[in-house]
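For what it's worth, my numbering labels the leading residue of the sequence shown as 595, then goes sequentially.
Written out below as structure tokens is the structure these notes cover.
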Amino acid sequence: MSLGNRILDAANLSRASDVHIDPDKDKFEIRLRVAGDIELFNSLPIAQHGSLLGRLKVLANLDIVEKRAPQDGSMVHRFQGTGVFVDIRVASIPTKPGEKMTMRLLGFRAESLALEKLGTSTEHMQMFRKSIAQPHGMILVTGPTSSGKSTTFYAALREINRGLTRTTITIEDPVGYDLAGINQVQVDEGKASFAKALRSVLRHDPDIVMVGEIRDRKTAEIAVTAAMNGRLALTALRTNTAASRVTRLLNMGLEPYLLSAILRLSIAQRLVRELCPKCARPYSVTEEQALILGDRSLKGTTAYVPVGCKYCANRGIRGRIGLFEFLPLNDRFRPIIRKGMVEDELLAKMADCSIASLGDDGLAKALAGTVPLSEVIRVTTIV
595 MSLGNRILDA ANLSRASDVH IDPDKDKFEI RLRVAGDIEL FNSLPIAQHG SLLGRLKVLA
655 NLDIVEKRAP QDGSMVHRFQ GTGVFVDIRV ASIPTKPGEK MTMRLLGFRA ESLALEKLGT
715 STEHMQMFRK SIAQPHGMIL VTGPTSSGKS TTFYAALREI NRGLTRTTIT IEDPVGYDLA
775 GINQVQVDEG KASFAKALRS VLRHDPDIVM VGEIRDRKTA EIAVTAAMNG RLALTALRTN
835 TAASRVTRLL NMGLEPYLLS AILRLSIAQR LVRELCPKCA RPYSVTEEQA LILGDRSLKG
895 TTAYVPVGCK YCANRGIRGR IGLFEFLPLN DRFRPIIRKG MVEDELLAKM ADCSIASLGD
955 DGLAKALAGT VPLSEVIRVT TIV
């Protein structure tokens, strides 16, 4: 078995999301990102570095001669033991000691993407399905880098595309999964903007448009126009909460009355580590944790901590799962958006309507033994 195959097999067995190949003067290190944390897998002589990268470049359709400029590519790898195919995104970049390569394992083929696997509650799942079934309007997904936004989008698009009765076009940078029956456009920001690509896409009569990220006012305005003209638009923006996403669009200069008319759903999400069900150990929530979460009554309740066993390679963690905040922008919220002063009022209205926040969703999963409480505190108390 080649070195490249051994590295990818090890990454798959470890449930790694990324493989980093980092050169140094006399060696290079192979590191894996597992459940969000970097782990050293192996350190090898620098003499093997060139041949390894050369083989991986060939598989990813990269230029093996070019070593002075960044490159991006992709490949599909079949694991020998299981026969499972995995999509892998490959990127190389020149550094002082030599080329660094990063491979992102997308985890499974696009055919396996499903809304049921996102980790949402039954109520959230019903809300999401109702929203993506709408003929027009805008659905917002928000969260920082590596919060699972793309996976949410792809699962939604596969759900929408099951009947093949609507035309879907995506605008992405870069394209992650290859989705059958969906037109995917990769945007090179050095040559064309999201706004320019979106304007062109709308000439191709799409029923659904997915914009990987709204980065400026012009892109936002065109996406809103698409939603106003009888299309369903799915878009992403990097903000902290579902409510702040609406505020961000208003701050870009979009008219409040337009947003109140076309917004259907705003989703905030984070990825947290998922406990291994074989070895998670119960404990009593401390007073300090209860105070951080803002609820003294949580003291003494049962949560769970990772321990480690043979099923999880002694990590206590088996992967990552999403925490979600779903804000349905229906008639209860439209008057607030129409006024143009939204975030505090939206948050107050969410509380009045008993809409679960990211923290609420995380706490429910922590008390159910799905995620560590420390993870919930880490990703929600900074919001």
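The beta carbon of each residue, even a glycine, is placed where N, CA and C say it ideally should be.
Fair warning: this is a prediction, and the values are worked out from it, not measured in the lab.
When secondary structure is reduced to three states using DSSP, A814 falls in the helix class.
Within its own chain, the residues whose Cβ lies closer than 6 Å to the Cβ of G956, once the five positions on either side in sequence are excluded, are L917, V970 and T974, listed in chain order. Across the set Q642, H643 and A605, the C-alpha of A605 shows the shortest separation from the C-alpha of R625. 9 Å or more divides the Cβ of H730 from the Cβ of I861. With 16 or more other Cβ atoms inside 10 Å of its own Cβ, G598 counts as buried. Judged by DSSP in its simplified three-state form, E660 adopts coil rather than helix or strand. Between A830 and V803, the beta carbon gap of about 12 Å keeps them out of contact (Cβ cut-off 8 Å). Contact fails between the region 710-729 and the region 626-638, because fewer than three Cβ pairs, one in each stretch, are under 8 Å apart.
Under the criterion of beta carbons closer than 8 Å, V680 and M695 do not qualify as touching, at roughly 17 Å. In the structure shown, R842 adopts helical secondary structure according to DSSP, grouped into three states. Spatial neighbours of G963 in its own chain (CB-CB distance under 6 Å, excluding positions within 5 residues in sequence) are listed in chain order as A874 and Y898. Proximity to A814 across S741, P768 and G847 peaks at G847, based on C-alpha coordinates. I687 counts as exposed, since fewer than 16 other beta carbons sit within 10 angstroms of its beta carbon. Look at the beta carbons and you see the region 830-842 not touching the region 892-907: under three pairs across the two are nearer than 8 Å.
For I808, the three-state secondary structure derived from DSSP is coil. Nearest in C-alpha terms to G742, of all of Y771, S725 and R723, is Y771.
When L796, I776 and G667 are compared, the shortest CA-CA separation from R698 is found for G667. Looking at the DSSP output, A827 shares a beta bridge with M732 and V803. According to the DSSP secondary-structure assignment, N636 is paired through a beta bridge with I624. Excluding sequence positions up to five before and after R928, its CB lies within less than 6 Å of the CB of S854, all in the same chain and listed in chain order. For P768, no pairing in a beta bridge is given by DSSP.
Annotation for N777: the continuous beta strand (DSSP E) segment containing it runs N777 to Q780. Judged by DSSP secondary structure, F722 falls within the alpha helix (DSSP H) whose first and last residues are T716 to I726. A check of alpha carbon separations from Q720 across D603, I682 and F920 identifies F920 as the nearest.
Boundaries of the beta strand (DSSP E) around H614: A610 to P617.
With at least 16 other beta carbons inside 10 angstroms of its own, R858 counts as buried. Assigned with DSSP and collapsed to three states, G648 falls in helix. E710 counts as exposed, since fewer than 16 other beta carbons sit within 10 angstroms of its beta carbon. In the DSSP assignment, T696 falls within the unbroken beta strand (DSSP E) covering E693 to L699. Less than 9 Å separates the beta-carbon of D801 from that of T762. In its chain, beyond the 5 residues on either side, S878 and V879 have a beta carbon closer than 7 Å to the beta carbon of G894.
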